[in-house]
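**Student:** Residue numbers (this note's numbering): 9 to 148.
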Ligand SMILES: Cc1ncc(COP(=O)(O)O)c(C=O)c1O
């Protein structure tokens, strides 16, 4: 059998499992606590944050850790709309995952205007379409 649903979940590399086992056994303490074990966890989290900032050419304070893609998408979509209330337009494709469509639906109730891009039969959006529609009113 060949597993073809890897976009949703996939087998974990053994290197990743080893790293996770180490983290859960050595750095399980709450990184927000002031006790030494918590501070040890905090240092590990900050080391990962520094590494991710480095490889993505971001500032360390721009790296946020979330528990899943749904939380990430909600944080970005609702967060941007709240941070830029004067930019009340969003462009998305109609075939986004529910974790994108649902926070956008929530924002529509709050007055955000949404442009849905056309998508071809392969799920590809026209880049020109985005460029034609984007205005200074768009936050995302
Ligand atoms: C494209 C896409 N976005 C978001 C999600 C939601 O991911 P999570 O379960 O990490 O919230 C999934 C889950 O399969 C997905 O395939």
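Each residue gets a CB set at the ideal place from its N, CA and C atoms; glycine is no exception. Bear in mind the structure is a predicted one, so any value in this text is a computation, not a measurement.
So, for residue 112: in the same chain, excluding its five sequence neighbours on each side, which residues have a beta-carbon less than 7 Å away from its beta-carbon?
**Tutor:** On the chain shown, residue 112 is found 104 positions in, with the first residue counted as 1. Taken in chain order, the residues that qualify are 85, 98, 100 and 122.
**Student:** In chain order, which beta strand (DSSP E) runs of at least 3 residues are fully inside the segment 46-88?
**Tutor:** Correct list: empty.
**Student:** Can you list the residues near ligand 1, meaning Cβ strictly closer than 6 Å to any non-hydrogen atom, in the order they appear in the chain?
**Tutor:** Those residues are 15, 16, 76, 77, 78, 105 and 107, given in chain order.
**Student:** State the Cα-Cα distance for the pair residue 46 and residue 32, rounded to the nearest angstrom.
**Tutor:** Translated into the one-based positions of the chain shown, residue 46 becomes position 38. Translated into the one-based positions of the chain shown, residue 32 becomes position 24. For residue 46 and residue 32, the distance between alpha carbons rounds to 13 Å.
**Student:** Ignore the nearest five residues each way along the sequence and tell me which others in residue 77's own chain have a CB closer than 8 Å to its CB.
**Tutor:** Here residue 77 refers to the residue found at position 69 when the chain shown is read from its first residue. Closer than 8 Å at Cβ, skipping near neighbours: 105 and 107.
**Student:** In this structure, does DSSP put residue 127 in helix, strand or coil?
**Tutor:** Stepping through the chain shown from its first residue, residue 127 is reached at position 119. Of the three classes helix, strand and coil, the one that applies to residue 127 here is strand, per DSSP.
**Student:** Report the option in 60, 58, 95 and 57 whose CA atom is closest to the CA atom of residue 115.
**Tutor:** The residue you call residue 115 lines up with position 107 of the chain shown. The candidate whose alpha carbon is nearest that of residue 115 is 95.
**Student:** For residue 118, does the three-state DSSP call read helix, strand or coil?
**Tutor:** As a position in the chain shown, residue 118 is number 110, starting the count at 1. Coil, per DSSP.
**Student:** Using a 10 Å radius around the Cβ and a threshold of 16 neighbouring Cβ atoms, would you call residue 49 buried or exposed?
**Tutor:** As a first step, residue 49 must be located in the chain shown, where it is residue number 41. So residue 49 counts as buried.
**Student:** Who does residue 146 pair with in a DSSP beta bridge?
**Tutor:** Taking the first residue of the chain shown as position 1, residue 146 is located at position 138. DSSP, once it has assigned bridges, lists 97 as partnering residue 146.
**Student:** Counting C-beta neighbours from all protein chains within 10 Å, is the total for residue 81 16 or more, i.e. buried, or is it exposed?
**Tutor:** Your numbering for residue 81 matches position 73 in the chain shown. Buried, by the Cβ-count rule.
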